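S.K.: If you scroll down you'll find the structure; I have some questions about it.
Protein chains: 2
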Amino acid sequence: MKNGKATIHDIAEKLQVTASTVSRALNNNPRISDATKKKVLKAAKELNYQPNNIASALRSGKSRLIGVVVPTANRNFFSSVIRGIEEIANSVNYKVVISQSYDDYEKEMQTIEALLNVQVDGIIASIGKTTENVDHYKKILKKGIPLVLFDRVTNELDVSQVVIDDYYGAFQATEHLINEGCRRIVHFSNSQNINIYKERKRGYEDALLKHGIPVDLELIRFSKLQLEDGRTSMQEVIDAKIPFDAVFSASDYSIMGAMQVLKENGYKLPEDVKLVGFGDEPFTSFTEPTLTTVNQKSIPMGNITAETFFEILNQKDQKNVISKKTILKPELIIRNSSLKTQNHNSTIDLIA
Amino acid sequence: MKNGKATIHDIAEKLQVTASTVSRALNNNPRISDATKKKVLKAAKELNYQPNNIASALRSGKSRLIGVVVPTANRNFFSSVIRGIEEIANSVNYKVVISQSYDDYEKEMQTIEALLNVQVDGIIASIGKTTENVDHYKKILKKGIPLVLFDRVTNELDVSQVVIDDYYGAFQATEHLINEGCRRIVHFSNSQNINIYKERKRGYEDALLKHGIPVDLELIRFSKLQLEDGRTSMQEVIDAKIPFDAVFSASDYSIMGAMQVLKENGYKLPEDVKLVGFGDEPFTSFTEPTLTTVNQKSIPMGNITAETFFEILNQKDQKNVISKKTILKPELIIRNSSLKTQNHNSTIDLIA
DNA sequence: TTTTAATATGCAATCGATTGCTCAAATTAT
DNA sequence: ATAATTTGAGCAATCGATTGCATATTAAAA
């Protein structure tokens, strides 16, 4: 027991039993009598025994670590999903290693490599925006390591996924604008290679069609959806003198940029133009007017993702795992930016 | 080589040498000839050898993992610091395990326990707001495990720390408001047990005193500094009919709440009241008017924290480590909310 | 009473990499 | 040419926990 760290051997010696017995007792193995278990537990406490997870991991092949790959933790959505994952993981004594890909393909590959190197028991990931080749994910599967994707998924991989119904969210958002009287709704989207944006655009289009409004391609603007992109896209539409009475953006950030530009150009919000974003970032309740947006159910998504992960992990035969796709319904959060008649009691939004 | 995973033994067998030789060759040990090293490297590549970090960790006692404890990753400041830490850590082949304490004392203790359990080589932490007893941190030190604190630090621990000069930041901010003509500056602060808030308050007071303005305790409001707290505090000041012409908040969130309440009460910003926040959260450039705030140099802080960490880690004798405190100068980001004459070209702020 | 089961524990190998020590071969010095 | 040194590599223990198999003890069944 040098270095102050007690091992099962120290406990064993103290109790004049073998390390195997101690190990089994600590793991509550039924082959050990209750009396012995009690003694072992007592001695463990006395010696301030802390199990060495690394030794355990080496022998058992389980590190009790889950690697979580997200584009960035600095985004309400992702950090909430992580929180949801942690809740479940911690409850079964697993730790989460968070890795950020910064939406960079190279970094994403490296980070996965690094996670595999620290011997995580499995990986939960949301694919970066610039990632088009998913071979690095295939590598995970080839090693027989559980993989679950959430939100930014791909169809090229036969793995379990948890997503929100982007189509539904966009449909609701667009229909809401239509119900508020809008007919010329601008839509900000991103690359159609990214599933979520494709789906959101489809929801937008279908809502228009349902209400007999033609889809005008001039109104659909593609960009990376950052704040600055929203500014640019909005300015372009204004400069081109394309008539419009609303904007539905696939991202809260770009709708933010649009809001700024609209104000700078003297538009009255929401009277002249109504706005709806996507993501329910915290700042959407700070803006003026407060922003209507789509909430992505991030914590439940994290919970479900983790649960799905553990289902797979606990399966004996990793090859015969059946992939399942869970689709969550997002929720339209109606605030002032999209309403015909403004709700001035903004406090309600903040408490809700 | 069952299970597709090659070990050093597989390489050894293929090359008809021993595992020791392979291990030394891979670790570039000078006792191995270049010819052998080359062969080993080649064979390793052929067999697609991936070192088993767990085995290595068990034997060497090094997991190449750093535990990072933050209140929440979902905060621009913290996620940027983490990014800064990762940059350095990854460059020396270390991984970062991020743990969130959610500003909860219990969770903080648990999370540290969990990190020690996964055998991290050291811990970098920012102390939670509700934490007053730091015994759990002492425990880390007692185990001889390197610990570095950043931003939310404590004097009760003899460890290296990296902080920003909160006093300086607050002083600059307050002096700026004074220079813009303000004399009755409200200050939002948090518990004075938390160092950073104490320092910010001190900076505020000293700036006032320097300019011959008395410190009026009625103007200083204590809260948890969330958005809602900012609303409440602001409303209280207004209701109490205390005259004021500016607000300097120790947090961007509460200044946000103040901004909302001021607008709701018909104040013109920045003409009637000037505002300065602290933190440079991304949303501060979205608001209207855009918010003057204090940037905390988060990425450099992360870099320096990690560098300090590795200096300690590489020290032979953990007991004789000399703690050092690095203090970074924050930067006042001047935007429209604090200016006498408004700058209407808000794009400049956004690009900067 | 003898046999059969069940119960409780021990023995020893194992996970994969590292490392102190030993030793043979090659090189240099005397 | 012999001794001294350097170089390159092997042997075997080790890190701490787990686990298949064997064994001893006790209880139940025949």
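The listed protein sequences correspond, in order, to chains A and B. Residues in the first sequence are numbered consecutively from 0, following numbering that gives the first Met the number 0. Residues in the second sequence are numbered consecutively from 0, following numbering that gives the first Met the number 0. Each residue gets a CB set at the ideal place from its N, CA and C atoms; glycine is no exception. From a predicted model like this one, the values you see are computed outputs, not experimental measurements.
For a cutoff of 7 angstroms on Cβ pairs, would you count Lys323 (chain A) as touching chain B?
M.R.: The sequence position of residue 323 (chain A) within the first sequence is 324, counting from 1. No, no contact with chain B.
S.K.: Output, in chain order, the set of chain B residues within a Cβ distance shorter than 9 angstroms of Ser78 (chain A).
M.R.: Counting from one through the first sequence, the residue named residue 78 (chain A) turns up at place 79. Within chain B, the residues near Ser78 (chain A) are Thr71, Ala72, Asn73, Arg74, Ser78 and Gln99.
S.K.: How many Å lie between Ala42 (chain B) and Asn116 (chain A) at the Cα?
M.R.: By 1-based counting over the second sequence, the position of residue 42 (chain B) is 43. By 1-based counting over the first sequence, the position of residue 116 (chain A) is 117. Going from the Cα of Ala42 (chain B) to the Cα of Asn116 (chain A) covers about 19 angstroms.
S.K.: Along chain B, in chain order, which residues have C-beta atoms closer than 8 angstroms to that of Ser32 (chain A)?
M.R.: Within the first sequence, residue 32 (chain A) is the residue found at index 33, counting from 1. None at all; the shortest Cβ gap to chain B is about 27 angstroms.
S.K.: Decide if Thr304 (chain B) is buried, meaning its Cβ has at least 16 other Cβ atoms within 10 Å, or exposed.
M.R.: Sequence index remark: in the second sequence, residue 304 (chain B) carries index 305 (1-based). Buried: at least 16 other Cβ atoms inside 10 Å.
S.K.: Determine, for Val236 (chain B), whether the minimum Cβ-Cβ distance to residues of chain A falls below 7 angstroms.
M.R.: One-based indexing of the second sequence puts residue 236 (chain B) at position 237. So, not an interface residue.
S.K.: Following the continuous beta strand (DSSP E) through Thr307 (chain A), name the residue where it begins and the one where it ends.
M.R.: Here residue 307 (chain A) is taken as the residue at index 308 of the first sequence, counted from 1. Note, Thr307 (chain A): premise wrong, no beta strand (DSSP E); alpha helix (DSSP H) at Ser297 to Leu312.
S.K.: At a Cβ threshold of 7 angstroms, is Ala88 (chain B) touching chain A?
M.R.: The residue you call residue 88 (chain B) lines up with position 89 of the second sequence. No, Ala88 (chain B) lies away from the interface with chain A (no Cβ there is under 7 angstroms from its Cβ).
S.K.: Could one say the Cβ of Val117 (chain B) lies closer than 7 angstroms to chain A's Cβ atoms, at least one of them?
M.R.: As a position in the second sequence, residue 117 (chain B) is number 118, starting the count at 1. Output row for Val117 (chain B): interface = yes.
S.K.: Taking buried to mean at least 16 other C-beta atoms within 10 Å of its own C-beta, is Leu216 (chain B) buried or exposed?
M.R.: Within the second sequence, the letter at position 217 stands for residue 216 (chain B). Exposed: under 16 other Cβ atoms inside 10 Å.
S.K.: Quick check on Lys94 (chain A) - is its C-beta less than 7 angstroms from some C-beta in chain B?
M.R.: To locate residue 94 (chain A), count along the first sequence from 1; it is residue 95. Yes, Lys94 (chain A) lies at the interface with chain B (some Cβ there is under 7 angstroms from its Cβ).
S.K.: Between Ile219 (chain A) and His186 (chain A), is the Cβ-Cβ spacing less than 7 angstroms?
M.R.: The residue labelled residue 219 (chain A) in the question sits at position 220 within the first sequence. The residue labelled residue 186 (chain A) in the question sits at position 187 within the first sequence. Result yes, Cβ atoms of Ile219 (chain A) and His186 (chain A) sit closer than 7 angstroms.
S.K.: Figure out for me which residue from A:Pro329, A:Ile311 and A:Phe308 has the closest Cα to the Cα of Gln295 (chain A).
M.R.: For this step, residue 295 (chain A) is matched to residue 296 along the first sequence. Ranking A:Pro329, A:Ile311 and A:Phe308 by Cα distance to Gln295 (chain A) puts A:Pro329 first.
S.K.: Which of the three DSSP states is assigned to Gln191 (chain A) in this structure?
M.R.: Position 192 of the first sequence, counted from the start, is the residue given in the question as residue 191 (chain A). It is coil, neither helix nor strand.
S.K.: Taking all protein chains shown into account, do 16 or more other C-beta atoms lie within 10 angstroms of the C-beta of Arg334 (chain A), making it buried, or fewer, making it exposed?
M.R.: Within the first sequence, the letter at position 335 stands for residue 334 (chain A). Arg334 (chain A) comes out buried.
S.K.: Check whether chain A comes within 7 angstroms of Ala351 (chain B), counting only Cβ atoms and requiring the distance to be less than that.
M.R.: Here residue 351 (chain B) is taken as the residue at index 352 of the second sequence, counted from 1. Legend: pLDDT at Ala351 (chain B) = 29, less than 50; position of this residue unreliable, no value from coordinates given.
S.K.: Which chain A residues sit within Cβ distance under 9 angstroms of Gln225 (chain B)?
M.R.: As a first step, residue 225 (chain B) is located in the second sequence; it is residue number 226 there, counting from the start. Residues of chain A passing the Cβ test: none, with the nearest at roughly 10 angstroms.
S.K.: Start and end of the alpha helix (DSSP H) containing Ala24 (chain A)?
M.R.: Along the first sequence, read from residue 1 onward, the residue named residue 24 (chain A) stands at position 25. First-last of the alpha helix (DSSP H) with Ala24 (chain A): Ala18 to Leu25.
S.K.: Return the residue from the list B:Arg58, B:Ser19, B:Glu280 and B:Ile254 that minimises the CA-CA distance to Ser188 (chain B).
M.R.: Indexing the second sequence from 1 puts residue 188 (chain B) at position 189. Of B:Arg58, B:Ser19, B:Glu280 and B:Ile254, the residue nearest in Cα terms is B:Ile254.
S.K.: Please name the residue or residues paired with Asn294 (chain A) in a DSSP beta bridge.
M.R.: Counting from one through the first sequence, the residue named residue 294 (chain A) turns up at place 295. Asn294 (chain A) is bridged to A:Glu330.
S.K.: In chain B, which residues lie less than 7 angstroms from Ser62 (chain A) when you measure between Cβ atoms?
M.R.: Residue mapping note: residue 62 (chain A) aligns to position 63 of the first sequence, counting from 1. The answer, in chain order, is Ile53.
S.K.: Using the three-state DSSP reduction, which class does Gln99 (chain B) fall into: helix, strand or coil?
M.R.: Mapped onto the second sequence, residue 99 (chain B) falls at position 100. If DSSP states are grouped into helix, strand and coil, Gln99 (chain B) belongs with the strands.
S.K.: List, in order along the chain, the chain A residues whose C-beta lies closer than 8 angstroms to that of Phe247 (chain B)?
M.R.: Within the second sequence, residue 247 (chain B) is the residue found at index 248, counting from 1. Per Cβ cutoff of 8 angstroms: no residues; Phe247 (chain B) is ~19 angstroms from chain A at best.
S.K.: Where do the ends of the alpha helix (DSSP H) carrying Lys138 (chain A) lie?
M.R.: Taking the first sequence and counting its residues from 1, one reaches residue 138 (chain A) at position 139. Counting along the chain, the alpha helix (DSSP H) containing Lys138 (chain A) begins and ends at Asp134 to Lys141.
S.K.: Output needed for Thr6 (chain A): all residues of its chain with C-beta closer than 6 angstroms, excluding positions within five of it in sequence on either side, in chain order.
M.R.: Sequence index remark: in the first sequence, residue 6 (chain A) carries index 7 (1-based). Result list for Thr6 (chain A): empty, nothing under 6 angstroms.
S.K.: Identify every run of the beta strand (DSSP E) within the region 44–131 of chain A, keeping only runs that are complete inside it and at least 3 residues long; order them along the chain.
M.R.: Runs found: 64–69, 94–99 and 121–124.
S.K.: Have a look at Gly211 (chain A) and Gln99 (chain A) and give me their C-alpha separation to the nearest angstrom.
M.R.: For the purposes of this step, residue 211 (chain A) is taken as residue 212 along the first sequence, with counting starting at 1. For the purposes of this step, residue 99 (chain A) is taken as residue 100 along the first sequence, with counting starting at 1. When rounded, the distance between both Cα atoms is 43 angstroms.
S.K.: Cβ atoms of Leu224 (chain A) and Ser250 (chain A): under 7 angstroms apart, would you say?
M.R.: Here residue 250 (chain A) is taken as the residue at index 251 of the first sequence, counted from 1. Here residue 224 (chain A) is taken as the residue at index 225 of the first sequence, counted from 1. Yes; because the gap between Cβ atoms is below 7 angstroms, this pair is in contact.
S.K.: Give me the chain B residues within the contact set of Phe285 (chain A), using Cβ-Cβ distance strictly less than 7 angstroms, ordered along the chain.
M.R.: Here residue 285 (chain A) refers to the residue found at position 286 when the first sequence is read from its first residue. The answer, in chain order, is Met255, Phe282 and Thr286.
S.K.: Three or more C-beta pairs closer than 8 angstroms, one from the region 16–35 of chain B and one from the region 28–39 of chain A: is that the case here?
M.R.: With a cut-off of 8 angstroms, the region 28–39 of chain A and the region 16–35 of chain B do not count as touching, because too few Cβ pairs lie within range.
S.K.: Just to confirm before moving on: does the CB-CB distance between Val95 (chain B) and Val67 (chain B) stay below 7 angstroms?
M.R.: Within the second sequence, numbered from 1, the residue matching residue 95 (chain B) stands at position 96. Within the second sequence, numbered from 1, the residue matching residue 67 (chain B) stands at position 68. Against a cut-off of 7 angstroms, the Cβ pair of Val67 (chain B) and Val95 (chain B) comes out as a contact.
S.K.: Does DSSP classify Ala245 (chain A) as helix, strand or coil?
M.R.: Sequence index remark: in the first sequence, residue 245 (chain A) carries index 246 (1-based). In this structure, Ala245 (chain A) counts as strand in the three-state DSSP scheme.
S.K.: Closer than 7 angstroms by C-beta to Thr130 (chain A): which residues in its own chain qualify, once you throw out the five before and the five after it? Chain order, please.
M.R.: Taking the first sequence and counting its residues from 1, one reaches residue 130 (chain A) at position 131. Contacts found: Tyr104 and Glu107.
S.K.: Does Ile347 (chain A) have its Cβ less than 7 angstroms from a Cβ in chain B?
M.R.: In the first sequence, counting from the first residue as 1, residue 347 (chain A) sits at position 348. Only weak support is given to the placement of Ile347 (chain A): the predicted model assigns it a pLDDT of 35, under 50, and the value that follows is read from those uncertain coordinates. With 7 angstroms as the cut-off, Ile347 (chain A) does not count as an interface residue toward chain B.
S.K.: Is the separation between the beta-carbon of Ala54 (chain A) and that of Leu57 (chain B) shorter than 7 angstroms?
M.R.: Counting from 1 along the first sequence, the entry for residue 54 (chain A) is found at position 55. Counting from 1 along the second sequence, the entry for residue 57 (chain B) is found at position 58. Yes, they are a contact pair.
S.K.: Specify whether the region 194–204 of chain B and the region 149–165 of chain B touch according to this definition: at least 3 beta carbon pairs, one from each stretch, less than 8 angstroms apart.
M.R.: Yes, the region 194–204 of chain B is in contact with the region 149–165 of chain B.
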